[in-house]
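Numbering (the working numbering), first residue to last: 188 to 476.
Every residue gets a Cβ at the ideal spot worked out from N, C-alpha and C, and that includes glycine.
All figures in this text were calculated on a predicted structure; none of them were measured in a lab.
Since the structure comes first, as structure tokens, the remarks are kept for the end.
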Ligand code: UTP
């Protein structure tokens, strides 16, 4: 079945990137000249998904403004002969058909996904975490949608991380199917060293069957007193199994300060307008490090 809808949870408090996220949503923190969430919406659109729901919360109106038209700005740009930039601005408002819903309290990712129940209805859907930007020639969301179409099971994007890092993520029990595809039959959240099932963790993207909603509704509050999406995914893995895609792409965690800097530096190096100058600048300062 083809995936037509995507949900982007963006209602978290972003406490790890304060004070940047105090008055602007962390999902609007820029990578050079585009807010993080724009890369994510573009990834969904490039994956042939045209219906997107962004889960927002109080103080996140800048996200809606960003994907809206801006007639005043467009007129000024046109009057100055800047049709190129004007078209870029128009393009942002045409990526997809975007709807919004507010999560009333930041009660966890599982609770945020539950807010998408009526938007999603009875079909599988993609989830792109609002603070995980993944650069890839072939959109990672599309890589996961392809796996859903092939296997008809829930799909998660996975990557191997270090032994230290896996203790902060969920560790997957994996069996290789072929190439970069795995069957996942169990997982453990924040494992202790002797509980690690593999170094594969879920990172930033998944495709979920609609049954996830009834599972979430029966799932008890987990770590931090929040409704955890991974707790519901674990049930899915243990019952029907889910597919893990060791995706091709470079992921940046925009939810922490080091991730923001890595995303900015690597994107700036490839940037059409400033790439060459920035590379020279980095070379110059690196001799003084
Ligand atoms: P995170 O756990 O990274 O976001 O969730 P957070 O809670 O904002 O982070 P910190 O720990 O306070 O810094 C991943 C994605 O899920 C969204 C976030 O906005 C982020 O894009 N999220 C998280 C929600 O939409 N609602 C929630 O209740 C929690």
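Which residues DSSP lists as bridging residue i, in chain order
i, result
"residue 466", "In DSSP, residue 466 forms no bridge with anything."
"residue 360", "373"
"residue 226", "Residue 226 is not bridged to any residue."
"residue 388", "346"
"residue 444", "Looking at the DSSP assignment, residue 444 forms no beta bridge with any residue, so it has no partner."
Inter-residue spacing [alpha-carbon to alpha-carbon] between residue i and residue j
i, j, result
"residue 417", "residue 366", "25 angstroms"
"residue 216", "residue 441", "8 angstroms"
"residue 280", "residue 255", "5 angstroms"
"residue 317", "residue 250", "11 angstroms"
"residue 238", "residue 467", "41 angstroms"
"residue 460", "residue 454", "11 angstroms"
"residue 258", "residue 232", "23 angstroms"
"residue 242", "residue 384", "32 angstroms"
"residue 375", "residue 308", "29 angstroms"
"residue 397", "residue 352", "30 angstroms"
"residue 462", "residue 469", "10 angstroms"
"residue 296", "residue 368", "25 angstroms"
"residue 357", "residue 248", "31 angstroms"
"residue 319", "residue 225", "11 angstroms"
"residue 421", "residue 261", "47 angstroms"
"residue 253", "residue 426", "41 angstroms"
"residue 301", "residue 192", "15 angstroms"
Proximity test, residue i beta-carbon vs the ligand UTP heavy atom, cut-off 7 angstroms
i, result
"residue 457", "no"
"residue 294", "yes"
"residue 214", "yes"
"residue 275", "no"
"residue 200", "yes"
"residue 217", "no"
"residue 248", "no"
"residue 442", "yes"
"residue 196", "yes"
"residue 239", "no"
"residue 316", "yes"
* Please list the segments of the alpha helix (DSSP H) lying wholly inside the stretch 300-354, counting only runs of 4 or more residues, in order along the chain. => Complete alpha helix (DSSP H) runs here, min 4: 304-307, 327-338, 350-353.
* Asked: Which whole runs of the beta strand (DSSP E) in the stretch 201-250 are 3 residues long or more, in chain order?
  -> Here the runs fully enclosed are 238-243.
* To do: Only counting runs of 4 or more residues, tell me where the alpha helix (DSSP H) segments fall wholly within the stretch 246-303, in order along the chain.
  => Unbroken alpha helix (DSSP H) runs of no fewer than 4 residues, entirely contained in the stretch 246-303, are found at 248-253, 258-266, 270-279, 296-301, following chain order.
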